[in-house]
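Numbering (the working numbering), first residue to last: 55 to 120.
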């Protein structure tokens with residue numbers, strides 16, 4: 055079942071971001087290959103494929119299996 059209290063409480067910034075979303079043309083996102091935990095965003099599928107290739111190349115260099 056569910057716990058008796060909230061699982062988490064969102065930060066006010068998160069609520070504000072949902073209520074007032076940023077306007078942009080980004081459709082795709084992929085983790086950055088530098089391991090920073092951030093994402094690279096792309097407006098086109100071609101740009102996304104390039105980002106994904108860079109990320110996969112990094113995983114390959116680290117020996118991470120697909």
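Ideal placement from N, C-alpha and C gives every residue a C-beta, glycine not left out. The structure displayed is predicted, hence computed values, not measured ones.
Counted as a single uninterrupted DSSP element, the stretch harbouring residue 93 is not any alpha helix (DSSP H) but the beta strand (DSSP E) occupying residues 93 to 96.
Cβ-Cβ separation between residue 85 and residue 109: approximately 6 Å, consistent with a contact (criterion under 8 Å). One Cα belongs to residue 90, the other to residue 107, and the distance between them is close to 17 Å. If you draw a straight line from the Cα of residue 62 to the Cα of residue 68, it is about 12 Å long. In the three-state scheme derived from DSSP, where H, G and I count as helix and E and B as strand, residue 99 is classed as helix. Setting aside the 5 residues that flank it on each side, residue 101 is surrounded in the same chain by 82, each with a C-beta closer than 8 Å to its C-beta; the list follows chain order.
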